[in-house]
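Below is one structure, written out as structure tokens; comments come after it.
Residue numbers (mature numbering (1 follows the signal peptide of the UniProt record, and there is no 0)): -20 to -1, 1 to 347.
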């Protein structure tokens, strides 16, 4: 009798574990059908284009050549896929991307350049922007590369390499406060494959947000579950952090003159948040996310990424309460819409203010 009860208990736990896994990877996901409009692929940046920073004039810096999966690295070596930074103009999208020449110094190794998260400090008067990008140089600790953009020659002049790998295991994204000052996410702490895989699936809270003040780097927000994208509000009062595993957007209030960050709000995204961008009007926060982790995994592990449709098109548009000011987010799911099973491709959803100042959410599939 006891052995039978024990067997039932073990089987129940196993079934629950399987259900949790299926739920986590999104195989049983349902999304509202809601079309965002025409979506076109940008040619020329098919391999490892992980992050984008759009400036006030509509031009965007894009990092390309980030290759984490083993098969993608093998493909990159075979086909000579290089790490690059490119420029895209949203006011003239038909022009495509322009690869930016990198003017290196002795501290920068172009052959080991694997760019990831990117953030730009704009020079609106002369256009000589400061571009900071996380670099995962092959077999070396992570660094943040600092460039100055030359608008006349369309070149990026390397200024310095800022070491962060001695304090961080897996730097992911950064957001600038001022020149040589930034917040940066550390997604994980383990190097070994089994433990790092667990960090991607389980809410272990081993990650954190670090702050670099120009000379030192320290952990400002600890105990986060795979923190990914990060964004600082224009008035520097709020910090937005995406918890990839827990599928949430975390909103922190920053205390001026201190190292403190107070958690104000946790917003459920119903997808694994990846990157954050502020709209050009300043009244919307755009979150790119993955509603189906299995689809994302197939894309990420593919040696020919161009043959797999990227699932990173879940766009969560949060309409905010005050233009270009700090804001909190208030919304609730919509009760209407036709549900569809998740399939290969991506999804997006947006929130819109209703008359009651809550938010309705529509979720759709892009095939």
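Heads up, the beta-carbon is just placed ideally off N, CA and C, and yes, glycines get one too.
Boundaries of the alpha helix (DSSP H) in which residue i is found, first to last residue
| i | result |
| --- | --- |
| residue 52 | 50 to 59 |
Start and end residues, beta strand (DSSP E) containing residue i
| i | result |
| --- | --- |
| residue 188 | 187 to 192 |
| residue 255 | 252 to 258 |
| residue 224 | Where residue 224 is concerned, there is no enclosing beta strand (DSSP E), given that its DSSP letter is neither H nor E. |
| residue 246 | 241 to 248 |
| residue 119 | Neither: residue 119 is in no beta strand (DSSP E) and is coded neither H nor E. |
| residue 269 | 264 to 270 |
| residue 29 | Premise fails: residue 29 is in no beta strand (DSSP E) and is neither H nor E. |
| residue 151 | 151 to 158 |
| residue 139 | 135 to 143 |
| residue 206 | No beta strand (DSSP E) contains residue 206, which DSSP labels as neither H nor E. |
| residue 165 | 161 to 166 |
Residue i, buried or exposed, once every other Cβ within 10 Å from all chains shown has been counted against 16
| i | result |
| --- | --- |
| residue 269 | buried |
| residue -17 | exposed |
| residue 225 | buried |
| residue 116 | buried |
| residue 236 | exposed |
| residue -11 | exposed |
| residue 109 | buried |
| residue 428 | Since the first residue shown for the chain is -20 and the last is 347, residue 428 is missing from the structure and cannot be characterised. |
| residue 132 | exposed |
| residue 43 | buried |
| residue 241 | buried |
| residue -8 | exposed |
| residue 23 | exposed |
Own chain partners of residue i with C-beta closer than 8 Å, once the 5 adjacent residues on each side are dropped
| i | result |
| --- | --- |
| residue 246 | 228, 229, 230, 231 |
| residue 141 | 87, 88, 115, 123, 124, 125, 126 |
| residue 34 | 40, 70, 257, 260 |
| residue 146 | 121 |
Close-in-space but distant-in-sequence residues of the same chain around residue i (CB under 7 Å, 5 per side omitted)
| i | result |
| --- | --- |
| residue 349 | Nothing about residue 349 can be read from this structure; the chain reaches only from -20 to 347. |
| residue 248 | 227, 228 |
| residue 202 | 188 |
| residue 101 | 109, 110, 156, 159 |
| residue 85 | 138 |
Contacts around residue i, its chain only, beta-carbon distance under 6 Å, and the 5 residues preceding and following it disregarded
| i | result |
| --- | --- |
| residue 47 | 28, 53, 56 |
| residue 143 | 123 |
| residue 32 | 40, 42 |
heavy atom of the ligand HEM below 6 Å from residue i C-beta
| i | result |
| --- | --- |
| residue 46 | With respect to the ligand HEM, the structure offers nothing, as it holds no ligand at all. |
Give, in chain order, every unbroken run of the alpha helix (DSSP H) that is at least 4 residues long and sits entirely within the segment 31 to 113.
Segments of the alpha helix (DSSP H) lying fully in the segment 31 to 113: 50 to 59.
Contact between the segment 92 to 109 and the segment 143 to 161: three or more CB pairs below 8 Å?
Contact holds: three or more Cβ-Cβ distances are below 8 Å.
Would you call the segment 206 to 217 and the segment 246 to 260 in contact, with 3 or more CB pairs under 8 Å?
In the pairwise beta carbon analysis, the segment 206 to 217 is classified as touching the segment 246 to 260: at least three pairs are separated by under 8 Å.
Please determine if the segment 48 to 57 and the segment 122 to 132 are in contact, where contact requires at least 3 C-beta pairs separated by less than 8 Å.
The segment 48 to 57 is not in contact with the segment 122 to 132.
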